[in-house]
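There are 2 protein chains.
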Amino acid sequence: MSEQIEDLELATGEDAERQAYKLEPKTVASVLYAVDIDDREKLTELMDPLHAADIADLLEQINAFDRSRLVRLYDREFDGEILSELDESIREEVIAVLTPQVLSQAVRDMDSDDVVDLIEDLEDDQQEAILEVLEDADRVAVEQALNWPEYSAGRLMQREVVMAPEHWTVGQAIDHLRGTAEEDLPDQFYHIVMVDPRLHPVGNVTLGKLMRSKRATPLRDILEETFQIIPAMRDEGDVAYAFNQYHLISAPVVDDEGRLIGVITIDDAMAVLDEEHEEDILRLAGVGEGSLSDRVVETTKQRLPWLAVNLVTAIAASMVISQFEAAIAQIVALAVLMPIVASMGGNAGTQSLTVAVRAIATKDLTGSNVWRVIRRECLVGLVNGVIFAVVMGVVGIIWFGSPALGYVIAVAMVINMVVAGLAGTGIPILLERVGVDPALASGAFVTTVTDVVGFFAFLGLAAAVLL
Amino acid sequence: MSEQIEDLELATGEDAERQAYKLEPKTVASVLYAVDIDDREKLTELMDPLHAADIADLLEQINAFDRSRLVRLYDREFDGEILSELDESIREEVIAVLTPQVLSQAVRDMDSDDVVDLIEDLEDDQQEAILEVLEDADRVAVEQALNWPEYSAGRLMQREVVMAPEHWTVGQAIDHLRGTAEEDLPDQFYHIVMVDPRLHPVGNVTLGKLMRSKRATPLRDILEETFQIIPAMRDEGDVAYAFNQYHLISAPVVDDEGRLIGVITIDDAMAVLDEEHEEDILRLAGVGEGSLSDRVVETTKQRLPWLAVNLVTAIAASMVISQFEAAIAQIVALAVLMPIVASMGGNAGTQSLTVAVRAIATKDLTGSNVWRVIRRECLVGLVNGVIFAVVMGVVGIIWFGSPALGYVIAVAMVINMVVAGLAGTGIPILLERVGVDPALASGAFVTTVTDVVGFFAFLGLAAAVLL
């Protein structure tokens, strides 16, 4: 019977609509109360209408103590899908709490590719514990999948494929489908992959077309127009890109010899797209991986490296300032104004950088337009630089009553914002060329450049002009 | 016949694999050469194997002059799908170049929901020009879709739905499908929506299940487990979230009375997810919308507001510094070291902020865990603050030979990094509560806080302790 996931709160009015799909604090509170009074029946009643993904979210949002009590109480109802949806760090914690019987039951009910997804990030001993409880055929399938490198199409694909030889008709394909045992078919499938005698995929037929065509129609006459073959070693990020770019619903995966070995469907590609974006956003901010459910120690460790890099950067910029101590001692206004030049450069640089990193990720920044983009970013820096230079020049004159100081800050601002455009675009492009993820490393380099250039241009000009 | 999109370059070796799905500069150069020598045949030969999405990318990557020459030469081959894939600003430019005959041919071949997607962002006169060339039925459908607000589920959905009454059997559904005219069915569909007599959706049946079941099986016995109904006014970002969270493939859309009026499929949801992410990344960096194909003037305009906000912020921070001019005049080392304190706070704040903004977007930060998250971020700030305070204290002593200066910078660093954790988490949460997109506005507030607190704590302590 169909189980409709109810909206977690009434969706009336604008505010409620803004909260759509959000776990309601009231639900969480009721669940925690049931745990507090040790009421298994009440807990089951509250959790039953929730989708596994929402239960996972709930587990992530409560603290470790409540979580372990909840898992123990919920125990027998715990299914594998909840485990799949859990954040890595929480997942290990929950698996450690589950009794072996519950764990093995939860895992046995899952498809082998979901088991792969579940265990690939687990510690070795937890991984082995789960592999042991699987049936032989499933264990072999999971181990084979784990042989493909992490983040490859081979790791992402499901192995159950519905295929048909090229000479088949619609009728033959339908009879084949109806004759195949349930467990040999994927849970959900939307295409039949047509293969040649060497098992090379040659086309996709959608079930909709199959269903509406005459039994005598050759499959080759009703192939989909868009068809993409994915090598098993292809990076999953590129796979997600291809699904989005070419509007694919499913795509066959092939081995080195081009033979069909699995299929990737759009729901998996969408999940990857989401993860890749999360990674990009967090990396741009210098937050390694990190999720809300990590503990203080882990979070501190994740953020420390980037802060350390930033400290080195900041000290380098300070050394530039220290070269001009004499000038600052004479004109303290320089110390007051210098952070403005650096800050505007840093912001302009971050803007250029983010656009460039995003364009590289979407493959829109290529050899064909790289120079035009760099030129544009420098020009934008120049125009904005001139605008803000005029503003700051005026501010300098009014605030400190010194036209010369206004002139110096204006020129320094223009220089730094042009450099920001250049560095913000050039650095990610260079990093990508040498094989470093531009999202990860560009920020530190660009800010170093804009800080150093900003302080040097402003203080250097001031020393030359004003002293 | 199936048209396989060939990889745009040979995918051998690690480097080539890294370039997967990227438009090769050589391809672009050949296309431009064909345009240069005015060779329509050669151009068609080069463009034919390319997917419409890649042709759109190519058009975006070349300059405006080449683009208009290319569009004119390619003319008769130009189809609507290329227009759909084009970036807004380029799309308007291309439509202006196309002859009315070519444009009307291109648009008439498209599904009505693709036409909506195509024209919703166009200028009024271009929109009308396209509406005029549509057949009456299509025009009405497009106009009805445009009545739903932008970014709503109603605007996103397709109107062609395959539905079946609840009492039907598998056989009845199959016969209905085979009996329906091609043009009344969606291009691609994966589910049949089961409806009650009031047209309220009650469940989904996948085509795979339908095909494999006996003709006499009631549809209600083979419904999908996961089923979500989407109100037409729901924000498309929430729709994309629901598809990703609940692993939906398609979902029925209903009007205010709960009646089925359309369906959204996962490929549209994936495109929305991608756009939402792009928006988040760009907003976090203070780049309004912006794409690589925008011109200098547009780009300058998009970036100016954020830079202006930053200027105000930077001036506010400078005013804090100017309160301590006397201290700086006596100890110039303060001017050298103060940017370090502000910079470390700014970075730590950006880290907290990004994690919080992302968690709000994924609905992982809710009333249930908000205080725990804020406490954690402050603790992380404290721990990292202490670590870097020790480092900077030592640097201060070695560099300037002043233990007191080292002590001051250390304490200021700890204060600013705790405040960074608090502001980085609290500000986006507050903004979300009052209905402002935290991705858009948080950055400016958080940096203001860390700059002001950084300078004030460091210079204030220095003035109190060292003078």
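Which chain is which? The protein sequence lines are A and B, in order.
Read left to right, the first sequence gives residues 1 to 467 (full-length UniProt numbering).
Read left to right, the second sequence gives residues 1 to 467 (full-length UniProt numbering).
Heads up, the beta-carbon is just placed ideally off N, CA and C, and yes, glycines get one too.
Identify, in the order they occur along the chain, each residue of the same chain with its Cβ nearer than 6 Å to the Cβ of residue i, setting aside the five sequence neighbours on each side.
i         : result
Ala-335/B : Ile-328
Phe-189/A : Val-162
Ile-95/B  : Gln-126
Phe-400/B : Ala-333
Within the 8 Å Cβ cut-off, does residue i reach chain A?
i         : result
Val-446/B : no
Leu-466/B : no
Gln-172/B : no
Thr-12/B  : For Thr-12/B, the predicted structure reports a pLDDT of 44, less than 50, and the residue's modelled location is therefore unreliable. A value from the coordinates is still provided. So no, Thr-12/B is outside the interface.
Leu-461/B : no
Ser-343/B : yes
Tyr-190/B : yes
Gln-101/B : no
Thr-44/B  : no
Phe-388/B : yes
Tyr-407/B : no
Asp-437/B : no
Spatial neighbours of residue i within its chain, please: CB distance less than 7 Å, with the 5 preceding and 5 following residues excluded, ordered by chain position.
i         : result
Met-319/B : none
Thr-169/B : Arg-215, Ala-216, Thr-217, Pro-218 and Leu-219
Glu-432/B : Ile-360 and Pro-438
Arg-40/B  : Leu-73
Leu-185/A : Glu-160 and Val-162
Thr-206/B : Tyr-190, His-191 and Glu-224
Ala-269/A : Val-239, Ala-240 and Phe-243
Identify whether residue i lies in helix, strand or coil by the three-state DSSP scheme.
i         : result
His-167/B : coil
Pro-218/A : strand
Met-344/A : helix
Ala-240/B : helix
Gln-158/A : strand
Pro-149/B : coil
Pro-49/B  : coil
Thr-354/A : helix
Asp-39/B  : coil
Asp-235/B : strand
Leu-260/A : strand
Thr-366/A : coil
Thr-313/B : helix
Thr-180/A : coil
Phe-78/B  : coil
Thr-226/A : strand
Phe-65/B  : helix
Gly-288/B : coil
Ser-213/A : coil
If you follow the alpha helix (DSSP H) that residue i is in, where does it begin and where does it stop?
i         : result
Leu-459/B : 438-466
Val-370/A : 370-400
Tyr-407/A : 403-433
Gln-323/A : No alpha helix (DSSP H) holds Gln-323/A; DSSP gives it neither H nor E.
Ser-112/B : 112-119
Asp-124/B : 124-133
Does the separation of the CB atoms of residue i and residue j fall below 8 Å?
i             : j         : result
Ser-112/B     : Val-142/B : yes
residue 477/B : Pro-428/A : Because residue 477/B is not part of the residues shown, which for chain B are 1 to 467, the question remains open.
Arg-76/A      : Val-102/A : yes
Trp-306/B     : Asn-416/A : no
Let's see if you can read the secondary structure: which residues bound the beta strand (DSSP E) around residue i?
i             : result
His-277/A     : Where His-277/A is concerned, there is no enclosing beta strand (DSSP E), although the alpha helix (DSSP H) it sits in stretches over 266-284.
residue 468/B : Absent from the structure is residue 468/B, since the part of chain B shown begins at 1 and ends at 467.
Thr-206/B     : 201-206
Ile-192/B     : 191-195
Looking at chain B, is there any beta carbon in it that lies within less than 8 Å of the beta carbon of residue i?
i         : result
Leu-337/A : yes
Arg-108/A : no
Pro-149/A : no
Leu-304/A : yes
Glu-278/A : yes
Ser-322/A : yes
Pro-25/A  : yes
Keeping to the same chain, check which residues put their C-beta closer than 8 Å to that of residue i; ignore five residues upstream and five downstream.
i         : result
Thr-448/B : Thr-313, Ala-316 and Ala-317
Give the interface partners of residue i over in chain C, defined as CB-CB distance under 8 Å, in chain order.
i         : result
Thr-450/B : Absence of chain C from the displayed structure is noted, the protein chains being A and B.
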